[in-house]
Each structure stands twice: as C-alpha cells, then as structure tokens.
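> Mind looking over this structure? Questions follow.
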C-alpha cells in the first residue's frame, strides 16, 4: 500500500493536461489479498504447489501439471485483461471468469489430493446429458464423502464463498492467488514486511497450537510469531530474490531464536542493522532490519549498530560508513561487532565456563500477580498484626509476612530495604490443611486479619486482571503461584536488578525475599564474593550487554542469559587472583553500607578480572570504550 500511495504522492501536477497529468493508479484487484499468510492448507489439505515427489506416478503428475498449467495460463491471461479493461460491464464479466478459474484451480488441487474425484469426473463425462452428469457427480461425491469422513460438497461451497469474498479466510494459498508469479518466476523478486510481534504461547498457547503442525523449521513454542514470517518470506522468494524485514531484534540472542538463526545461516543474509532502543516513539521493543538474498550463504554478512550519532545523520550514509563484516555468525547468538570484538568474545568463551555449569542455582523473584495487595509497607503490616484476634493468629500471621526487596532497592554491592513486606501464602497450603472446611472459610478463620486486608482489593483492578482473576496465583486467589524454591530465600544470596542500564549485583542476607523485578543466585559461600565482584566489573557489563543479552526490553539482565556467561574456573594458578577479588569485595561491602566511596577498590577488581580473562591492553581498551 505504501508503494501504491507513493505513485500518487510522487505525481507531477500539470494543470494544462487532462486530469492534471495524473496517470490512473494501477488496479489492485487480485493483487491485494486477504488471509492468514502463514497457513497454506484448507480443510486439512495442503495447497502448497505439489511436486513430483508428492504425487504417486509420473503419468499422473504429467496429467495434473498439464491441466494445472493450462488453468494457470488462462488465469494469468484473463487477469491481465481484467487489469487493463476500461469498460465496467466487461470488467465485471472478467471478474466472474477469474473467480470461476480460481474455483477450477481449487478443484484441480482437490482432485490431485483425492484421485477418486478425478475418476468420478471422467466417468461423468461419458454420460449422455448435463442432468445425468450432475446427478451422478452429486451422488458419487456424497458416497465418497461418507467413505472419507470428509464433506467434499461443503468444502467446495466454502471455497466458492472464500473466492467470492463472502467469507474471510484463515489461510492463504500463495501458489494459487499469485500463481503467475510462481509459474513464471518461481517466486517474488522482493518480500518486505514488518511482521507482528506476538508470543506464540500467549493466551494459553492459542497461536502455538495453530502453527505447530505447519512444519515451520523456525517454530519454537516459546518463540514469537515473527520468526515464522521470516521463514515464509524466504519460501516466497525466487532464486536470488531479496527479503527485507524490520522486526524485534530479540531473535539475535534469545534461546527461541536459535532455530531462526540456524535457518538464516542456511540462506544468504547480507546486511543486519541493529536499530536498538528509542528509534520509534511507540515501539516497546528494540528492533533490527535484516536484508537477505535467497541463495547459498556466501558468508559475507555485514552489520551496523545504530548509535545516537546516527539520529542526526543521513541514515544510508551512516550505514555505509559504519557497517562491518560479521564473520560466519554462529547459531547460538549473533552480535554486530568488529573482528577484534569477535576475537574478544571467543577468548571470553574459551577461558570461562558458563555459570549454569557451576554448582549454582539461578532463580526469578516472586511474581504475586497483584503487588498492590501482596506487597505492603510497614504501617500496613503493623495494622494487620494489630487486627489479629488472638496471639496465636498474630504469631501465624507474623510468620508469613516477610521483608522483601524490589529491583530498585538493589545497587552495586549493596541494597537498601525500603520497609516493604510480602504476604507469603504458598500454593498448595490451603489444599494440604483445610480438612473438611470450605477452603475460603478455612483461610478466613486461620488468617482473619490478612483475609480482611486482601479481600478489600477484590474490586480493585490495578493494571492487570485483579486480585481474584490474576494469572500468577496458586490453587486459590489468596495463594501465591506455585514455586518450589521458597526455602532458597532463607539463604544468603546474590540478587540483581533485572532491568537496568548498569549491572547492579548485591549480597543479600538470610530471610530477605525478592520480588519479580529481581533475579537471584544461590551458591556456595566460597564463591559468593568472587561472583559479586566479577558481576559488578567492567568486563561483565561490556561483554554481557554486547554478547550475551537476549534483546527485548532495553537493559534486561535475565537469569537465563547470566547463566550463559562464561566465568573462569578456579584453578591453583588463578586462586591468588580470586582471593584478592574476594578480599576487595569484603572491604567494599561495609563502605557501601556507610555510603563511603569505593571507586579505587572497584577499579582494582576490574584490573584483576582482566587478568583472569588474560586480556591484552588492546582488549582492555575495547572493554573500556577507548578503542
């Protein structure tokens, strides 16, 4: 449509010419089509172009191809006449002819799928008159439908309704609607798109269930629908045709993007422009532009990251002047960087071992689904405790109200508790204990003061579905979601702010809980200070955001990606360096708590971490942004 409109916008107005010199716009009938472009099957029949491998005998294939190609040729010829016919009545007649040919093409596909239909048709042609033929075909189709368990007559009626535009299509038959494109050229010269970004597992996996049987190589149940559009777009290209998409850039590093990265590596990506955040005012995700040529991969991919400098520059010139070669990107993650940065990534990966392979556990903070009710300040906690009917209830209640930290409470090396608490009623508690009482009555009788507090939010919606209908809950609305690691909060742990421009990792003591804007690590005492020092170092900040971050929300440090970060294993050779890092962290912690400056100590940790990864002065300059 943008191309179409530009034909009018770019017209030169000449007042002395008929129609001011404006040329008639091209006709979009049978060019602009409606349907679900990711699905090429109707009524369980795949209408993708049949190949000789999919047909049973060479003779049958030849017969089908001859008939099919004749219909396509007619379709092409009539459509061309329709596009150029100025007379409305003649045009209406041609439209009916086109619709009739489309139905014949459908039926030819059906006959190829069900050879019995062809036998019925051939037998009918030997009968004496049209009435006998029609009665015979109707009777035989009815009989065949019963045998197949497939209502052929209904399918044909629906095909007519779809073809005439009386019913919206939940499929898109590319090889039929644009038959002349594939018949003449084998596909489109150019495919461009800004596909939708929708998680396939949203809404109880409705989209995942819809597309899982469509045989997309890029399908991942935890993925996003735009990955399927990449694959469909490539399928629609002719040899040496070009695809250019703008999408979320999350596929470059996210786990679900691995199948797409593998798929793209099997073709020939040419240019990758990482637009990053803030390019579009209303976009909530970071984006990229990918240009691909449908050919054997030449491994000549170039890339460029759009920086603040590009905002005020000519975009095309900026890309041309700043793009760099991306040597054979791997399937695990893609990033745009110089050859020196590529070598640095390889070195970090070679020296380190992914954190997830260490003896550590990485967890998400608690998701309540309704923070307004479950996270309370000290004043509300005291009021709830004061409203308990008995001392026993007060003790029970006090035991399930835990101090909690949010992401904003976490800083580098330290935390500042804001006096907030979380009401922690675990999933399954009610079912295990209510006995013969009705569950809600049992909860109300056991924790009356908490019940009164929570139920006061019954009609308060907040930003989500509300207290009763929220997604993140246990067996009952008063319970938190199922979580088998609540005991881990009762241990000392490393907690970090999940969305931040600069990594912030802190050691948090026993008994402090963390909510969903944090992640945390539970590990052995012997490595806790070492890990905190490394995670707050410059090399982690540079390498994580550059090489290991999963894209999506700007600055999001997800636990799964921290788990991939390579940490140098402790050996007799590097033990003295690690001991120095731990000693420095030990000195930093009390300074942070008192609000004292620890800059020089942190710089010394950076220097020691560089030694752990055996970085050269040139590599250190890259990390520190001096090269």
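Residue numbers (our numbering): 166 to 792.
Think of the CB as a built atom: it goes at the ideal place given N, C-alpha and C, for glycine as much as any other residue.
Here the structure is a predicted model, which is why all the values come from computation and not from measurement.
(1) Please name the residue in 458, 318, 355, 246 whose C-alpha comes closest to that of residue 261.
(2) Drop a sphere of 10 angstroms on the beta-carbon of residue 582, count the other beta-carbons inside from all chains shown, and report buried for 16 or more, exposed for fewer.
(3) Candidates 747, 509, 168, 499: which alpha carbon is nearest residue 691's?
(4) Sorry if obvious, but does the Cβ on residue 743 come closer than 6 Å to a heavy atom of the ligand ATP?
(5) DSSP beta-bridge partners for residue 358?
(6) Using three-state DSSP, classify residue 499 as helix, strand or coil.
(7) Closest to residue 530 by CA distance: which of 503, 513, 572, 523 is it?
(8) Going by C-alpha distance, which of 614, 599, 639, 675 is nearest residue 550?
(9) To the nearest angstrom, how far is the alpha carbon of residue 189 from that of residue 471?
(10) Taking only three categories from DSSP, how would you classify residue 368?
(11) Would residue 345 and residue 241 qualify as a contact pair, given that the criterion is a beta-carbon distance under 7 Å?
(12) Compare the beta carbon distance of residue 432 and residue 456 with 7 Å and say whether it is the shorter of the two.
(13) Output yes or no for whether 7 Å exceeds the beta carbon distance between residue 390 and residue 363.
(14) Out of 542, 533, 545, 636, state which residue places its alpha-carbon closest to the alpha-carbon of residue 589.
(15) Given this structure, state the Cα-to-Cα distance separating residue 557 from residue 610, to the nearest angstrom.
(16) State the start and end residues of the unbroken alpha helix (DSSP H) segment that holds residue 428.
(17) Run through DSSP, which three-state label would residue 401 get?
(18) What do you reckon, are the CB atoms on residue 546 and residue 566 nearer than 7 Å?
(19) What's the C-alpha gap between residue 575 and residue 617?
(20) For residue 193 and residue 250, what's the separation of their Cα atoms in angstroms?
(21) Which ranges would you report for the alpha helix (DSSP H) in the stretch 510–562 if only whole runs of at least 4 residues count?
(22) With three or more C-beta pairs closer than 8 Å as the rule, is the stretch 475–492 touching the stretch 631–648?
(23) Closer than 8 Å is the cut-off here; do at least three beta carbon pairs connect the stretch 662–670 with the stretch 681–698?
(24) In three-state terms, what does DSSP make of residue 599?
(25) Could you pull the start and end residues of the beta strand (DSSP E) that residue 687 belongs to?
(26) Considering only residues of the same chain and omitting the five flanking positions on each side of residue 263, which have a CB-CB separation below 8 Å?
(27) Counting along the chain, where does the alpha helix (DSSP H) carrying residue 613 start and finish?
(28) Give the range of the beta strand (DSSP E) segment to which residue 434 is assigned.
(29) Going by beta carbon distance, what residues of the same chain come within less than 6 Å of residue 527, once the five residues before and after it are set aside?
(30) Quick one: grab the DSSP three-state call for residue 636.
(31) Name the one or two DSSP bridge partners that residue 352 has.
(32) By the 10 Å Cβ neighbour count, where 16 or more other Cβ atoms means buried, how is residue 536 classified, buried or exposed?
(33) Expressed to the nearest angstrom, what Euclidean distance is found between the alpha-carbon atoms of residue 584 and residue 632?
(34) Excluding five sequence neighbours on each side, which residues of the same chain lie with their C-beta closer than 6 Å to the C-beta of residue 654?
(35) Cα separation between residue 480 and residue 408?
(36) Taking 8 Å as the limit between beta carbons, can you name the residues of its chain near residue 406, skipping five residues before and five after?
Result, derived from the coordinates:
(1) As a working mapping, residue 261 is identified with position 96 in the chain shown. Taking only the C-alpha atoms, the option nearest residue 261 is 246.
(2) Counting from one through the chain shown, the residue named residue 582 turns up at place 417. Answer is exposed; the Cβ neighbour count stays below 16.
(3) Numbered from 1 along the chain shown, position 526 holds the residue referred to as residue 691. If we check each option's Cα against that of residue 691, 747 comes out closest.
(4) Among the components of this structure there are no ligands whatsoever, and the ligand ATP is therefore not found.
(5) The residue given as residue 358 occupies position 193 in the chain shown. DSSP, once it has assigned bridges, lists 410 as partnering residue 358.
(6) Counting from one through the chain shown, the residue named residue 499 turns up at place 334. The answer is coil: DSSP assigns residue 499 none of H, G, I, E or B.
(7) On the chain shown, position 365 is the one that residue 530 refers to. Residue 530 has its Cα closest to that of 572, out of 503, 513, 572, 523.
(8) As a working note, residue 550 is residue 385 in the chain shown. The residue with the shortest Cα to Cα distance from residue 550 is 614.
(9) Residue 189 sits at position 24 when you count from the first residue of the chain shown. Residue 471 sits at position 306 when you count from the first residue of the chain shown. Approximately 40 Å between the Cα atoms of the pair.
(10) The residue labelled residue 368 in the question sits at position 203 within the chain shown. Correct three-state label for residue 368: helix.
(11) Counting from one through the chain shown, the residue named residue 345 turns up at place 180. Counting from one through the chain shown, the residue named residue 241 turns up at place 76. Contact: yes.
(12) Taking the chain shown and counting its residues from 1, one reaches residue 432 at position 267. Taking the chain shown and counting its residues from 1, one reaches residue 456 at position 291. Between residue 432 and residue 456, the C-beta spacing is not below 7 Å.
(13) Locating residue 390 in the chain shown gives position 225, counting from the first residue. Locating residue 363 in the chain shown gives position 198, counting from the first residue. Contact: yes.
(14) The sequence position of residue 589 within the chain shown is 424, counting from 1. For residue 589, the nearest C-alpha among the options comes from 533.
(15) Residue 557 sits at position 392 when you count from the first residue of the chain shown. Residue 610 sits at position 445 when you count from the first residue of the chain shown. For residue 557 and residue 610, the distance between alpha carbons rounds to 12 Å.
(16) By 1-based counting over the chain shown, the position of residue 428 is 263. Segment 423–430, the alpha helix (DSSP H) holding residue 428.
(17) Residue mapping note: residue 401 aligns to position 236 of the chain shown, counting from 1. Residue state, collapsed to three classes: coil.
(18) Within the chain shown, the letter at position 381 stands for residue 546. Within the chain shown, the letter at position 401 stands for residue 566. Yes; because the gap between Cβ atoms is below 7 Å, this pair is in contact.
(19) What you label residue 575 is simply residue 410 of the chain shown in a count that begins at 1. What you label residue 617 is simply residue 452 of the chain shown in a count that begins at 1. So the alpha carbons of these two residues sit roughly 32 Å apart.
(20) Here the question's residue 193 lines up with position 28 in the chain shown. Here the question's residue 250 lines up with position 85 in the chain shown. Straight through space, the alpha carbons of residue 250 and residue 193 are spaced by roughly 13 Å.
(21) 536–539, 543–551
(22) no
(23) yes
(24) In the chain shown, counting from the first residue as 1, residue 599 sits at position 434. Looking at residue 599 - three-state DSSP - the assignment turns out to be coil, as it is neither helix nor strand.
(25) Position 522 of the chain shown holds residue 687. Counting along the chain, the beta strand (DSSP E) containing residue 687 begins and ends at 683–688.
(26) To locate residue 263, count along the chain shown from 1; it is residue 98. Once the five neighbours on either side are set aside, the close Cβ partners of residue 263 are 195, 240, 243, 244, 247.
(27) Along the chain shown, read from residue 1 onward, the residue named residue 613 stands at position 448. Note, residue 613: alpha helix (DSSP H), 613–620.
(28) Numbered from its first residue, the chain shown carries residue 434 at position 269. Residue range 433–441 is occupied by the beta strand (DSSP E) that includes residue 434.
(29) Taking the chain shown and counting its residues from 1, the one referred to as residue 527 is at position 362. The residues are 686, 724, 728.
(30) Within the chain shown, numbered from 1, the residue matching residue 636 stands at position 471. Note: residue 636 maps to coil in three-state DSSP.
(31) Within the chain shown, the letter at position 187 stands for residue 352. Residue 352 is not bridged to any residue.
(32) For the purposes of this step, residue 536 is taken as residue 371 along the chain shown, with counting starting at 1. Looking at its Cβ environment, which holds 16 or more other Cβ atoms inside 10 Å, residue 536 is buried.
(33) Looking up residue 584 in the chain shown gives position 419. Looking up residue 632 in the chain shown gives position 467. Going from the Cα of residue 584 to the Cα of residue 632 covers about 23 Å.
(34) Translated into the one-based positions of the chain shown, residue 654 becomes position 489. These residues qualify, in order along the chain: 678.
(35) Position 315 of the chain shown, counting from 1, holds the residue named residue 480. Position 243 of the chain shown, counting from 1, holds the residue named residue 408. So the two alpha carbons sit approximately 20 Å from each other.
(36) In the chain shown, residue 406 corresponds to position 241, counting from 1. Hits under 8 Å: 352, 353, 354, 355, 356, 458, 459.
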